[in-house]
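Student: Following this message is one structure expressed as structure tokens.
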Amino acid sequence: MACYSVKIKIHPHISEIPEAQWNALIKDDHPFTKHAFLKALEEHNCVSASFGWLPRHIAIYDEDDQLLGAMPLYEKYNSYGEFVFDHAWADAWQRSGMEYFPKLVSATPYTPATGQRLLTQEGQEEIAALLLATAQQFAHERKMSGIHILFPDAKEQDWLETQNLFTRHDCQFHWHNHNYQSFEEFLEQLTAKKRKNIRQERKRVASSSAKLRLLDGHSATDKDWEDFAVFYTRTFEEKWGTPTLNEGFFKQIGQTMPDNIFLVMADVEEECIAGSLMFRSEHTLYGRHWGAIEHIDKLHFEACYYQGIEYCIKHGLQCFEPGAQGEHKIARGFVPTLTRSSHWLTENPFQQSIENYVRHEQEAIAEYMQSCQEKIPYK
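Mapped onto UniProt numbering, the consecutive letters of the sequence shown carry residue numbers 1 to 379.
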């Protein structure tokens, strides 16, 4: 850093940052940190004051305005859409007469997927340190309670754990491709009972009235996205409340990042009745959203899990992250996988309490993962 000067900016709109320069810092063609994905969220008001997400992206430029590093960052006024739950912390702050919100969150909104949070060229730890220090200074100046870096990739998290931040643990269920040549070869690695159950579930869907269409962003039509938006909205309204994504967002990502998309649509006669949306990087498939207007037994498992596994095998992807939670995934070949996040608090009157909380949480997650490990269906 001593060899040249830099300029640091905090951008309220990602469109202010050159797309090509931002994407050049992304490893593995990761879909959720791509400029197009974050831009679509902003342009269709999926992140806005009404949802409590205000973009505050940090960018570091050299003297020639070339981007050296960036950090997707949001000023948050709630904990919605984060998937790392801090309600107990917020309650403790409130009981002490302090404000927990706003806070800063580095994450992909509404997306519990691992990925880069400190975008730099390989080996640029000085730039990563400057990104973190800038976020800390911004939080302090704005009197925010702290910074929460959610689901960073393993290398980033290892580095963050050297920077005097709290580390929280959680568990997801991921599928790993051991160079399978077919779905049947994968099944042969399972116990006979689990293998039989999966075959029965797939057979039930195959013999139903539903016919599947497998699409990417190039082949998905406006009608497909309109249908999927209906499915997504219905699922959220039935289970979780207010939907945050919308038809315009889905159509835009279909156009701007078509190669990152895997869309499974189910038709009954001439009507589309269900859909599953997944995204891919160079090495990983990510399951994100599902919805239906008609129930067909086991269709959810087929569209969200088995088609995803088949896709990974066909395209040589090494990992399938189907989303948060869901112990039922174990019986379908997904294994417990540790996820981590890093947290820094500007003023922490509960230092010892937070340290105890984090330690007990880590112990509980370790015990839970061990209990899940005993249920995995592999021989």
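Even glycine gets a Cβ: it sits at the ideal position worked out from N, Cα and C. Model, not experiment: these values are computed from the prediction.
1) Under 8 Å between the Cβ atoms of Pro109 and Gly81?
2) Cα separation between Met1 and Thr120?
3) Cutting at 6 Å between CB atoms, please list the residues of its own chain near Thr33, excluding the five before and the five after it.
4) Please name the residue in Met71, His300, Ile376 whose C-alpha comes closest to that of His148.
5) With Ser353 as the anchor, note down where its alpha helix (DSSP H) starts and where it stops.
6) Any heavy atom of the ligand FMN closer than 7 Å to the beta-carbon of Ile149?
7) For the beta strand (DSSP E) that Thr191 lies in, which residues bound it at each end?
8) Within 10 angstroms of its Cβ, does Asp91 collect 16 or more other Cβ (buried), or is it exposed?
9) Are there 16 or more other CB atoms within 10 angstroms of the CB of Glu188, so buried, or fewer, so exposed?
10) Return helix, strand or coil for Thr10, following the three-state DSSP convention.
11) Quick check on DSSP: helix, strand or coil for Val84?
12) Would Lys7 and Tyr74 be called neighbours here (beta carbons separated by less than 8 Å)?
13) Let me confirm a value: Gly97 is counted as buried when at least 16 other C-beta atoms fall within 10 Å, else exposed. Which label applies?
14) Please state if the CB of Pro18 and the CB of Leu67 are separated by a distance shorter than 8 Å.
15) Using alpha carbons as the reference points, say which of Glu269, Pro258, Gly146, Glu271 lies closest to Leu277.
16) Counting only runs of 3+ residues fully inside the region 64-144, write out the beta strand (DSSP E) ranges in chain order.
17) Can you grab the Cα-Cα spacing for the pair Lys375 / Arg95, in whole Å?
18) For Val105, which residues from the same chain have a beta carbon less than 6 Å from its beta carbon, with the 5 sequence-adjacent residues on both sides left out?
19) On a CA-only basis, which of Lys9, Ile354, Arg359, His328 is nearest Gln172? Give me that one, please.
20) Would you give the residue range spanned by the beta strand (DSSP E) that Gly287 belongs to?
21) Ser15 by DSSP, collapsed to three states: which one?
22) Do Tyr305 and Pro31 have their CB atoms nearer than 8 Å?
23) For Asn179, which option in Leu299, Leu263, Gln318, Leu214 has the closest C-alpha, if you only look at C-alpha atoms?
24) Can you name the start and end residues of the beta strand (DSSP E) that Trp53 belongs to?
25) Let me know if Arg332 comes out buried or exposed under the rule of 16 or more other beta-carbons within 10 Å of its beta-carbon.
Tutor: In short, the structure shows the following:
1) yes
2) Confidence in Met1 is poor, its pLDDT being 44 and thus under 50, which makes the residue's placement unreliable; the coordinate value appears in the next sentence. So the alpha carbons of these two residues sit roughly 14 Å apart.
3) Ile26, Gly115, Gln116
4) Met71
5) 351-373
6) This structure does not include the ligand FMN; it has no bound ligands of any sort.
7) Counting along the chain, Thr191 falls outside any beta strand (DSSP E), and DSSP gives it neither H nor E.
8) exposed
9) Counting Cβ neighbours within 10 Å, Glu188 comes out exposed, since fewer than 16 surround it.
10) The identity of residue 10 in the sequence shown is Ile, whereas the question assumes Thr. Here Ile10 sits in strand by DSSP.
11) coil
12) no
13) With fewer than 16 other Cβ atoms within 10 Å, it is exposed.
14) yes
15) Pro258
16) The region 64-144 contains these whole beta strand (DSSP E) runs: 67-71, 74-76, 103-106.
17) 41 Å
18) Tyr74, Lys76, His148
19) A check of alpha carbon separations from Gln172 across Lys9, Ile354, Arg359, His328 identifies His328 as the nearest.
20) 284-292
21) helix
22) no
23) Closest in C-alpha terms to Asn179, from the list Leu299, Leu263, Gln318, Leu214, comes Gln318.
24) 53-55
25) buried
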